[in-house]
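Protein chains in written order, with this note's numbering: chain A, 2 to 107; chain B, 2 to 107; chain C, 2 to 107.
Just below is one structure, and these are the notes that go with it.
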Amino acid sequence: MKMLMAIVQPKDASKVQAALAKAKIGATKLQSTGGFLREGNTTFMIVVDDDRVDQTLAIIKENAKTREQFVAPSAYIDNAANAVPMNVQVGGATVFVLPVDQFIHF
Amino acid sequence: MKMLMAIVQPKDASKVQAALAKAKIGATKLQSTGGFLREGNTTFMIVVDDDRVDQTLAIIKENAKTREQFVAPSAYIDNAANAVPMNVQVGGATVFVLPVDQFIHF
Amino acid sequence: MKMLMAIVQPKDASKVQAALAKAKIGATKLQSTGGFLREGNTTFMIVVDDDRVDQTLAIIKENAKTREQFVAPSAYIDNAANAVPMNVQVGGATVFVLPVDQFIHF
Ligand code: NI
Ligand code: NI
Ligand code: NI
Numbered sequence: 002m003k004m005l006m007a008i009v010q011p012k013d014a015s016k017v018q019a020a021l022a023k024a025k026i027g028a029t030k031l032q033s034t035g036g037f038l039r040e041g042n043t044t045f046m047i048v049v050d051d052d053r054v055d056q057t058l059a060i061i062k063e064n065a066k067t068r069e070q071f072v073a074p075s076a077y078i079d080n081a082a083n084a085v086p087m088n089v090q091v092g093g094a095t096v097f098v099l100p101v102d103q104f105i106h107f
Numbered sequence: 002m003k004m005l006m007a008i009v010q011p012k013d014a015s016k017v018q019a020a021l022a023k024a025k026i027g028a029t030k031l032q033s034t035g036g037f038l039r040e041g042n043t044t045f046m047i048v049v050d051d052d053r054v055d056q057t058l059a060i061i062k063e064n065a066k067t068r069e070q071f072v073a074p075s076a077y078i079d080n081a082a083n084a085v086p087m088n089v090q091v092g093g094a095t096v097f098v099l100p101v102d103q104f105i106h107f
Numbered sequence: 002m003k004m005l006m007a008i009v010q011p012k013d014a015s016k017v018q019a020a021l022a023k024a025k026i027g028a029t030k031l032q033s034t035g036g037f038l039r040e041g042n043t044t045f046m047i048v049v050d051d052d053r054v055d056q057t058l059a060i061i062k063e064n065a066k067t068r069e070q071f072v073a074p075s076a077y078i079d080n081a082a083n084a085v086p087m088n089v090q091v092g093g094a095t096v097f098v099l100p101v102d103q104f105i106h107f
């Protein structure tokens, strides 16, 4: 049994949560703020059997991985008349896998 | 030394916290929201010596375990005139026990 | 690789965060409230390579350790005319070091 602490961008959090729920993987969302790399973030605490770690990582990757996205100039500059859409990096997930000794449900 | 991550229902959180404090077991409450099993919840981060894990689990069980409770019909339906009290499950705690390498206090 | 859960006083949190960032040590701040020892607190979740654990602990100690501080009487009593400044303990950090099996970045 492993605990995964998965830190994702807020914009990807609901997609990740829905995909985990669909796979019947329980995830508790901890309210978290900034690492020094990014201001806002969402931390999921997930516990799964060892043989589901890879599936869980695949779900997180699928829904939160770093990717490029076109952003309309109006989104990042005021005088956007002659500007072209910009390709920016969004998303990105950091996952720590910790050993779990015991799981108890009362 | 072990870290216990204990996820309980919000309605049981203050009872759990008071009982742990009475037993001089330190608990930090992390603000958390929903697993897919339940919308609101409270996560306690507890660290204890190995020989106090069982006592800590007993306290959590005593104060947060799943149990049945009668709910007045007015609480769950609008037109409750002919309804009878309903037996519903409340509470429930999930606890993960993790190994701790080191504990430091400055 | 180790995960450090560091619980510090809110008044020391921004100093700790800035010092960790300066050392390029990523820290995610979890919103937390009270252990029974103290009402407010801040929990940092930090993951570092084994050979940086000591440096991380030193930074936390430097910025959040228990120390004495003079407090003006007006801060703790109403009728402070004849009172003298009081030496009080402030700060204090509790750090748990947990083993990490795996670190993944997508
Ligand atoms: Ni990244
Ligand atoms: Ni349950
Ligand atoms: Ni202390």
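Don't be surprised by glycine CBs; every beta carbon is placed ideally from N, CA and C.
_Check whether the stretch 84-101 of chain A and the stretch 91-107 of chain C touch, using three or more Cβ-Cβ pairs below 8 angstroms as the test._
Under the 8 angstroms Cβ criterion, the stretch 84-101 of chain A counts as touching the stretch 91-107 of chain C, having at least three qualifying pairs.
*Where the alpha helix (DSSP H) through ILE61 of chain B begins and ends*: 54-65
*How about the stretch 15-28 of chain A and the stretch 45-53 of chain A: do they share at least three Cβ pairs that are nearer than 8 angstroms?*
yes
*Going by alpha carbons, who is nearest to ALA73 of chain B out of B:LEU58, B:ASN64, B:VAL89, B:THR67?*
When only C-alpha atoms are compared, the closest one is B:VAL89.
*Taking only beta-carbon positions, decide if VAL17 of chain B is within less than 7 angstroms of chain A.*
no
_Just to make sure I have the definition right: I need the residues of chain B whose C-beta is within less than 7 angstroms of the C-beta of GLN10 of chain A. Which are they?_
Per Cβ cutoff of 7 angstroms: no residues; GLN10 of chain A is ~17 angstroms from chain B at best.
*Contact set for VAL9 of chain B: own chain, Cβ-Cβ below 6 angstroms, skip 5 residues either direction*: VAL17, THR43, ALA65, ALA94
*By Cβ distance, which residues of its chain are closer than 6 angstroms to LYS12 of chain B, with the 5 residues on each side in sequence left out?*
Short of 6 angstroms from the beta carbon of LYS12 of chain B, and not among the five residues preceding or following it, lies no beta carbon of its own chain.
*Just the Cα atoms here: how many angstroms apart are ASP55 of chain A and ARG68 of chain A?*
Cα atoms of ASP55 of chain A and ARG68 of chain A: separation of roughly 21 angstroms, rounded to the nearest angstrom.
*In this structure, does DSSP put VAL85 of chain B in helix, strand or coil?*
coil
*Could you tell me which residues DSSP puts in a beta bridge with PRO100 of chain C?*
C:LYS3
*Cutoff 7 angstroms: PHE37 of chain A Cβ touching any chain C Cβ*: Confidence is the limiting factor: at PHE37 of chain A the pLDDT is only 48, short of 50, which leaves the residue's position unreliable and the question unanswerable from this model.
*Run through DSSP, which three-state label would GLN32 of chain A get?*
strand
*asked:* So, under 8 angstroms CB-CB, ILE60 of chain A and ALA24 of chain A are touching, yes? Tell me the CB distance rounded to an integer number of Å.
replied: Sure, about 6 angstroms apart at Cβ, within 8 angstroms.
_Where PHE37 of chain C sits in the DSSP three-state scheme_ = Note on PHE37 of chain C: pLDDT 48, under 50, position unreliable in the model; no value is reported.
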